[in-house]
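Engineer: To start, I am sharing the structure in question, which I have written as structure tokens.
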Amino acid sequence: MSANGPLLIEVTRDVSVELPEAELSWRFSRSSGPGGQHVNTSSTAAELTFDVAGSPSLPQSLRDRALRRLAGRLVDGTVTIRAEEFRSQLRNREAARDRLTELLRTALAPPPKRRKATRPSRGAVERRLESKKRRSTLKEGRRRDW
Numbered sequence: 001m002s003a004n005g006p007l008l009i010e011v012t013r014d015v016s017v018e019l020p021e022a023e024l025s026w027r028f029s030r031s032s033g034p035g036g037q038h039v040n041t042s043s044t045a046a047e048l049t050f051d052v053a054g055s056p057s058l059p060q061s062l063r064d065r066a067l068r069r070l071a072g073r074l075v076d077g078t079v080t081i082r083a084e085e086f087r088s089q090l091r092n093r094e095a096a097r098d099r100l101t102e103l104l105r106t107a108l109a110p111p112p113k114r115r116k117a118t119r120p121s122r123g124a125v126e127r128r129l130e131s132k133k134r135r136s137t138l139k140e141g142r143r144r145d146w
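Mapping the sequence shown onto full-length UniProt numbering, position 74 (from 1) lands on 74, and the numbers just tick up by one.
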């Protein structure tokens, strides 16, 4: 994936969302950790900010779903991702874009189908009770007679 251009998020096989580069906000700063002079002199850490609440690219239904699912990560309706694991700014930009893509893909995904509750079969109930009985007699055999 390139560090420039629109961000394409495939929500389902049929639905995909394209976020233009203009909706992504970048900040660069010094990375933390070891690296000597390189770390001290170059701004390689990338911080990507995306305004989920104010994005015109997200349809209202998907925006509401994302706001609900990302509620713990949002600050004033925006999500921020920081990448600083690589020495190069370009690779950190790509890492941040990849993380945002994956985060939004999971947040925008449709909810899983609800499981229809079914009663256990007679055989399953009997096996469970037999197993409990075996365990009970095993533990009973460990007891001391008083």
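Where a beta carbon is used, it is the ideal one built from N, C-alpha and C, also for glycine.
In this text the structure is predicted, and so the values were computed from the model without any measurement.
Quick one: complete alpha helix (DSSP H) runs, 4+ long, within the UniProt region "Disordered" (104 to 146)?
Structural biologist: With a minimum length of 4 residues, the continuous alpha helix (DSSP H) runs that stay inside the UniProt region "Disordered" (104 to 146) are 122 to 142.
Engineer: Are the Cβ atoms of residue 81 and residue 49 separated by less than 9 Å?
Structural biologist: Yes; because the gap between Cβ atoms is below 9 Å, this pair is in contact.
Engineer: CB-CB under 8 Å to residue 141, same chain, minus the five flanking residues each way: which ones, in chain order?
Structural biologist: Once the five neighbours on either side are set aside, residue 141 has no close Cβ partner at all.
Engineer: Could you please give me the residues that DSSP links to residue 79 through a beta bridge?
Structural biologist: The partner list for residue 79 (beta bridge, DSSP) reads 50.
Engineer: According to DSSP, is residue 71 part of a helix, a strand, or is it coil?
Structural biologist: Residue state, collapsed to three classes: coil.
Engineer: So, does the stretch 57 to 67 touch the stretch 12 to 23, judging by three or more C-beta pairs under 8 Å?
Structural biologist: Because the criterion of three Cβ pairs below 8 Å is met, the stretch 57 to 67 and the stretch 12 to 23 touch.
Engineer: Could you tell me the boundaries of the alpha helix (DSSP H) in which residue 39 lies?
Structural biologist: Residues 37 to 41.
Engineer: Taking the alpha carbon of residue 98 as the reference point, which residue from 46, 125 and 124 has its own alpha carbon closest?
Structural biologist: Minimum Cα distance to residue 98 is reached at 46.
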